[in-house]
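Notes follow once the structure below has been shown.
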Amino acid sequence: MNRYPWWKYAILALALVAGFLYTLPNFYGEAPAVQISSARATLKVDTALLERVQQVLEQSGTKADLVQLEGLSVRARFADTDTQKKAKDALSAALNPDAASPNYIVALNLVSRSPQWLSSLRALPMYLGLDLRGGVHFLMQVDMRSALTKKVDSLATDARTLLRDKNIRHAGVSRDGNMLVVAFRDTAMAASARDLLSGQITEMTWAETPEGSEVRLRGSLKPEAARAIQDQAIKQNITTLHNRVNELGTSEPVIQQQGADRVVVQLPGVQDTARAKDIIGRTATLELRMVNDSAEAQEALRGGPVPFGSEKYLERDGTAIVVFRQVVITGDCLTDAQPGFDNQTQEPNVNLTVDAKCGRIMRDVSRENIGKRMAILLFERGRGEVVTAPVIRGELGNRFQISGRMTTVEAADTALLLRAGSLAAPMEIIEERTIGPSLGAENIAKGFTSVLWGFVAIAAFMCAYYLLFGVFSTLALAFNLLLLVAVLSLLQATLTLPGMAAIALTLGMAIDANVLINERVREELRNGAAPQAAIAAGYERAFATILDSNVTTLIAGLALLIFGSGPVRGFAIVHCLGILTSMFSAVMFSRGLVNLWYGRQKKLKSVSIGQVWRPGNAAPTPKADA
Amino acid sequence: MEFFRIRRDIPFMRYTRVLNAVSVVAFVIAVFFLATRGLNLSIEFTGGTLVEVEYAQSADVQKTRHAVEALGLGEVQVQTFGSSRDVLIRVPVRSGVKQSEVAEQVFAAVCRAEAGTVQRKEYTTPQGEQVSRPSCVAAQGVEPVRLSRTEVVGPSVGAELATDGAIALTMTVVGIMLYLAFRFEWKFAVAGIVANLHDVVIILGFFAFFQWEFSLAVLAAVLAVLGYSVNESVIIFDRIREAFRKFRKLSPPQVIDHAITSTISRTIITHGSTQAMVLSMLLFGGPTLHYFAVALTIGILFGIYSSVFVAAGIAMWLGVRREDLVKASPSKEGDPNDPNAGAVV
């Protein structure tokens, strides 16, 4: 009765092999490496770059152990730090001919030393959390209200254009919170405007309300449209952050959405918060608006009231400038901005490229406003600043340039500001954590020793108390640890210090299943069952109990996983996975071992499970003892 | 070896009145301290700034405190953390103070107190990683104090974490009750949850009384304890159900006594093993895991007590009968002596 069919052994063997394979990368440690990532949003990192890197390394005589394309960067691994440094210099020189405006970021880094055949099996070392490897963590809140406001503003512009094109006369389009209000003198106009706007601006629901002598058409954002805007805003912010973070040259930056309006940024290995914040926190949004050059605006510059529909901003050198409120285009549609030189004058300039829709707008606006000035405004934390306000020289299209009044450095700066990608909505850091690298290493050591000594204590006790069955239980526990580490490596779940605590705790709890089984087997023996029958009954009866108790533990673990955040989540993931692997190892694996050992013996006399004491007998019977 | 040689069922249920009185008293005391002293919530919940620095020599906490207090950031806590060289500085949220700069200000002040200036240090580690970090440089280029860790939490995040924690606790309780009600019976569900919430409240009571820091990790430990000690009750309930089926002549209290007695050996051994792990964490896990391990220790100790005495006692008082359990699940297990009964895995 205690025999497993061959396929059950096959499953166990397979699990064992897979467990070893996926745990293996954790033992290789890290090797010095050079990481090459793009410094420009428009420059893609692809296989062409990979080949080029290989070429450069060959020419410079620095032999890399492994060069591979991983995500958004190319990494080359070296045997020692000397070669690493030489390779870095060679690569910097070859890839960035102009050191002032680098095309690629070449940084020194560490990568796993595990061999390529393992990596090709997707066997990677566990992904360590920041508390174990050191680094910076930011939680950023996206200001969704301003994303909505911005969208409504741009819809207002659309509405104006539409009404003008169809010759529908109105008495002004204005924004009221997240609503658009269009005033009309008569109902007929309002009705035709409603038909037009409902058909064209589908993001809003339009309704007429008579108000005194006027009729007002109110458009409010549809909830699904608002959701879509928020979704898009956070996605764009994440993309922008990716581009910015590249500049830091970190090995595995994490930029993820958390909840509806938050972004987590984790930069392993980065210690310099000030610089990281500087780069990440450039919460800049870009807007192009026309400069108001009217007489009232001139008056406003001398201290008079700012004319209606205009705002006063300062240029970077401190002089005031009056611009219209109406936004021509926003940074959303800017696809590229590069510093360069004007063909004719050889003056430094910035070349801009916008997408088709904005290109059309630019063409219309520039045609009507040749000779006037257009301001490029940069908003940082709600404060606007005019980066530059060039004069429109001709009709512009998708590509245009800003020139004049600039040095090379200024051109590069402006381009960077424009290019770093504007954020769809401003963000604010609401949580920040830095962990020093030595603290991380200390935490790993502490977590490891805790697991080790706890394991040793349990193993020693089990082997002493349950003899051979204790050895089986210990092996099952070790198998559980192996599987857990393998699953964590395979899923690339983040391992944190609370996660290591969860490993320890899960092992401490997992032994419960084996204790239950062993106690049941003893009980059956005590009641006089034959050894083989006792083993079978013990495992079978204990199983229902094990299932029940693990389900309750799993419920608590899942609640933690769903509602927890940060360290709690790290704990919960490992805890839940550990419960699942322990079900497999404690029941099936230990049974497999027992079956392998005892199953074939037809006339089994005794089982080595420690002393079985029988009430009623004056002396404990040695019969059931080994 | 066999530790537990119990000839007769121990009449646990005879003492439930006394034991439950003890529980009620412990519970009331815990609630009292929770109400009067409150929990010493970590900055993860309250919001604020935390800076951990490591001195080259033993730290002079007074000096550090003076240096930080001079910044006028409100009620600053300064204490050693783990070793005498590591110092933890906690700064509360204060309106009008820009939170993102507090950590830098504090480190600068601590550095100044050691006659150093904060500079940016850029170097490559022997392993070959580029590092650029702020460092405190004093005369002759020595580094009297190093920044090990900073944590800045906005007040809104803290409030949310507290709510999420409460939701997690509620969901755990509801989930476990539903499962127990489904698997056993509502009386067991109520008994199990009351017993284990009693554990949770007592752990919280300890944290309130000693004013130990209640962090997110401790919350995780509390919830893990909840799942863990319910597990304990489940095992006893399982036995109660089995005993109801097996011994038709025993009264409910006798059945419960039998169930507890026959699982006591497993209870002690399992908890001992788990406690061995937790003890290892307490000894080797360092200051970060300290209170996590403390919470688990209290939870495990009270878990044994509550699931054995409180849960079973309440189930008895609620009046579990044979009919509740035996009828609910008709004999799904086969004849235990059936030679063809294979392993169910």
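Protein sequence lines, in the order shown, are assigned to chains C and A.
Under the working numbering, the first residue of the first sequence carries the number 212, and numbering increases by one thereafter.
Under the working numbering, the first residue of the second sequence carries the number 23, and numbering increases by one thereafter.
Even for Gly, the Cβ is constructed at its ideal location relative to N, Cα and C.
Remember, it's a predicted structure, so these values are computed and weren't measured experimentally.
Under 7 Å from the C-beta of residue i: neighbouring residues of chain C
| i | result |
| --- | --- |
| A/T283 | Ordered by position in chain C, no residue passes the 7 Å Cβ test against A/T283, which lies about 11 Å from the chain. |
| A/A246 | L716, A767, H786 |
| A/L183 | S776 |
| A/G197 | I766, A770 |
| A/Y250 | M720, T764 |
CA-to-CA distance, residue j to residue i, given in whole angstroms
| i | j | result |
| --- | --- | --- |
| C/R500 | C/R356 | 21 Å |
| A/S154 | C/L341 | 16 Å |
| C/R592 | C/V539 | Legend: pLDDT at C/R592 = 49, less than 50; position of this residue unreliable, no value from coordinates given. |
| C/I766 | C/T273 | 54 Å |
| C/F782 | A/F236 | 16 Å |
| A/V240 | C/T372 | 59 Å |
| C/V465 | C/T705 | 11 Å |
| A/E396 | A/P166 | Missing from the structure shown is residue 396 of chain A; chain A here goes from 23 to 367 and no further. |
| C/G335 | C/S614 | First, the residue type needs correcting, since residue 335 of chain C is Leu and not Gly in the sequence shown. C/L335 and C/S614: Cα-Cα distance of roughly 50 Å. |
| C/A399 | C/E422 | 15 Å |
| A/R39 | A/V256 | 22 Å |
| A/L305 | C/V662 | 11 Å |
| C/D293 | A/Q99 | 45 Å |
| A/R142 | C/T619 | 28 Å |
| C/L692 | C/A298 | 40 Å |
| C/R825 | A/S284 | 13 Å |
| C/D397 | C/L407 | 16 Å |
| C/V732 | C/A748 | 7 Å |
| A/T68 | A/P177 | 6 Å |
| C/T413 | C/G345 | 48 Å |
DSSP state of residue i mapped onto helix, strand, coil
| i | result |
| --- | --- |
| A/V73 | strand |
| C/R592 | Below a pLDDT of 50, predicted positions are generally treated as unreliable, and C/R592, at 49, falls in that range; no measurement from the model is reported. |
| C/M196 | For chain C, the structure presents residues 212 to 837; residue 196 of chain C sits outside this window and is missing. |
| C/L280 | strand |
| C/R380 | coil |
| C/T556 | coil |
| C/P464 | coil |
| C/V317 | strand |
| C/G551 | strand |
| C/K523 | strand |
| C/E734 | helix |
| C/N213 | coil |
| C/L699 | helix |
| A/F34 | helix |
| C/Q352 | strand |
| C/M501 | strand |
Under 8 Å by beta carbon: chain C residues contacting residue i
| i | result |
| --- | --- |
| A/S122 | K488, I640, E643 |
| A/P166 | Going along chain C, no residue has its Cβ under 8 Å from A/P166, so there is no contact; the nearest lies around 16 Å. |
| A/F400 | No information on residue 400 of chain A is available, as it lies outside the stretch 23 to 367 that chain A covers here. |
| A/G308 | E653, N654, K657 |
Supposed contact pair residue j and residue i - C-beta distance, whole angstroms, cut 8 Å
| i | j | result |
| --- | --- | --- |
| A/F259 | A/F210 | 5 Å |
| A/D7 | C/S776 | Since the first and last residues shown for chain A are 23 and 367, residue 7 of chain A lies out of range. |
| A/R112 | A/I51 | 28 Å between Cβ atoms; not a contact. |
| A/S251 | C/G647 | With a Cβ gap of about 37 Å, A/S251 and C/G647 do not count as contacting. |
| C/L588 | C/V598 | 7 Å |
Proximal chain A residues relative to residue i, where beta-carbon distance stays under 7 Å
| i | result |
| --- | --- |
| C/G542 | Those do not exist, as C/G542 stays about 24 Å from chain A at its closest Cβ, beyond 7 Å. |
| C/Q482 | V153, S154, R155 |
| C/D723 | T292 |
Under 8 Å by beta carbon: chain A residues contacting residue i
| i | result |
| --- | --- |
| C/I669 | S295, A298, M299 |
| C/I646 | S170, R171 |
| C/F690 | Under the 8 Å cutoff, chain A gives no residues; its nearest Cβ is about 15 Å from C/F690. |
| C/N560 | Ordered by position in chain A, no residue passes the 8 Å Cβ test against C/N560, which lies about 33 Å from the chain. |
Chain A contact residues for residue i, given Cβ-Cβ distances below 9 Å
| i | result |
| --- | --- |
| C/A485 | E126, R142, P156 |
Neighbour list for residue i in chain E, Cβ cutoff strictly below 7 Å
| i | result |
| --- | --- |
| A/V174 | Of the chains in the structure shown, none is chain E; the protein chains are C and A. |
Q.
Whether or not the segment 187-204 of chain A and the segment 307-324 of chain A are in contact is what I'm after, with contact meaning three or more pairs of Cβ atoms, one per stretch, closer than 8 Å; do they touch?
A. No contact exists between the segment 307-324 of chain A and the segment 187-204 of chain A.
Q.
Check whether the segment 574-582 of chain C and the segment 514-523 of chain C touch, using three or more Cβ-Cβ pairs below 8 Å as the test.
A. The segment 574-582 of chain C makes no contact with the segment 514-523 of chain C; the number of CB pairs closer than 8 Å stays below 3.
Q. Taking one C-beta from the segment 445-459 of chain C and one from the segment 411-418 of chain C each time, how about it: are there three or more such pairs within less than 8 Å?
A. Counting Cβ pairs under 8 Å, fewer than three are found: no touch.
Q: Pair every Cβ in the segment 731-738 of chain C with every Cβ in the segment 815-823 of chain C, then say whether three or more of these pairs are closer than 8 Å.
A: When C-beta atoms of the segment 731-738 of chain C are compared with those of the segment 815-823 of chain C, three or more pairs fall below 8 Å, so the two segments count as touching.
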